[in-house]
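Worksheet: one structure, shown below.
In our numbering, the protein residues as written are 190 to 486.
Rendered as structure tokens:
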């Protein structure tokens with residue numbers, strides 16, 4: 190096992206880190222800021238890219254692009270989900286061929302239409318929806334699910350979908366975990382979750398390619414410096430945190446905590462070959478979490 194290049198492993202590969210939010214709303218649906226004001230907020234906060242994903246409608250943000258700031262066309266699609274009895278929430282990025290979604294589309298058709306444009310789709314806020322891994326059984330074509338959604342956390346205390354993610358990884362295979370703020374500009378949720386993408390360049394093609402491969406990590410604030418799979422161990426280096434957790438199948442893994450008043454910046458954990466997958470979580474002293482994507486073992 191070596192660093193870089195593997196699905197879900199952005200560390201040690203060529204490119205740059207780009208900070209972005211992939212789930213945002215404006216006054217074109219149920220957000221409280223205009224598209225221009227929403228984009229300006231992320232530009233002012235030092236983000237490199239943004240997807241404005243209004244409900245059922247494609248908002249044109251191409252006019253807000255700059256050399257140092259990318260906008261990605263996107264939409265939040267809805268329709269009947271027979272597995273839950275509720276409407277699905279699927280975020281589509283890279284959409285070019287349709288300006289509105291159709292609430293008659295089943296999940297499979299919504300995902301197929303996004304993929305048909307060369308885009309990517311991911312599942313929005315599973316915990317908030319009451320969506321378990323079993324509800325995703327047999328569904329294909331999406332790249333991941335929201336492991337953290339800020340507005341669902343702030344407004345309903347249902348923003349973290351770690352358990353759904355781990356159950357999916359155990360039962361169905363690799364899928365990526367994304368942190369977003371899902372800003373509606375109503376509950377101070379903005380800026381509390383984003384992705385750090387390792388991409389060859391700041392372009393729609395480059396960012397979507399990296400997201401598709403899992404070449405990013407998700408965070409509420411803490412930063413990973415490096416994660417290396419070196420022979421029979423994983424080596425984690427990060428900004429000072431109070432917890433570094435190695436998450437794996439079932440009871441496998443580890444959980445290291447800093448002593449009172451101290452901090453952790455590194456963890457070396459031996460691998461036994463029975464983990465099936467490994468992903469890393471870190472938590473800082475403010476309770477903010479960051480997640481790597483899973484690496485299949």
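Ideal Cβ positions, reconstructed from N, Cα and C, are used throughout, including at glycine.
Name the two residues that bound the continuous alpha helix (DSSP H) containing residue 232.
224 to 233
Alpha carbon to alpha carbon, what distance is there between residue 351 and residue 333?
12 angstroms
In three-state terms, what does DSSP make of residue 252?
helix
Delimiting residues of the beta strand (DSSP E) encompassing residue 276
Note, residue 276: beta strand (DSSP E), 275 to 282.
Per DSSP, the bridge partner or partners of residue 406
385
Below 8 angstroms on the Cβ atoms is my contact criterion, and I expect residue 389 with residue 203 to pass it. Report the Cβ-Cβ distance as a whole number of Å.
7 angstroms
Compare the Cα-Cα distances from residue 356 to each of 323, 406, 415 and report the closest residue.
Ranked by Cα distance from residue 356, the first of 323, 406, 415 is 323.
Just to confirm, is the Cβ distance from residue 466 to residue 445 under 8 angstroms?
no
Thinking residue 228 and residue 250 are a contact (beta carbons under 8 angstroms), I'd like their distance in whole angstroms, please.
Between residue 250 and residue 228 the Cβ distance is about 6 angstroms, and since that is below 8 angstroms, they are a contact.
Distance, residue 368 Cα to residue 346 Cα:
15 angstroms
Taking the alpha-carbon positions, what's the residue 488 to residue 447 distance?
The displayed coordinates of the chain run from 190 to 486. Any statement about residue 488 would go beyond what the structure contains.
Close-in-space but distant-in-sequence residues of the same chain around residue 318 (CB under 7 angstroms, 5 per side omitted):
Answer for residue 318: 273, 275, 278, listed in chain order.
With a threshold of 16 other CB atoms inside 10 Å of the CB of residue 320, please say whether the residue is buried or exposed.
buried
Whose CA, out of 475, 252, 426, lies closest to the CA of residue 458?
426
Using alpha carbons as the reference points, say which of 400, 218, 268 lies closest to residue 295.
Residue 268 is the option with its Cα nearest to residue 295.
Cβ of residue 386 within 8 angstroms of Cβ of residue 209?
yes
Three-way DSSP call (helix, strand, coil) for residue 477 in this model
Under the three-state reduction of DSSP, residue 477 is assigned to coil, being neither helix nor strand.
Tell me the start and end of each unbroken beta strand (DSSP E) in the stretch 312 to 339 that is at least 3 residues and wholly inside, in chain order.
333 to 338
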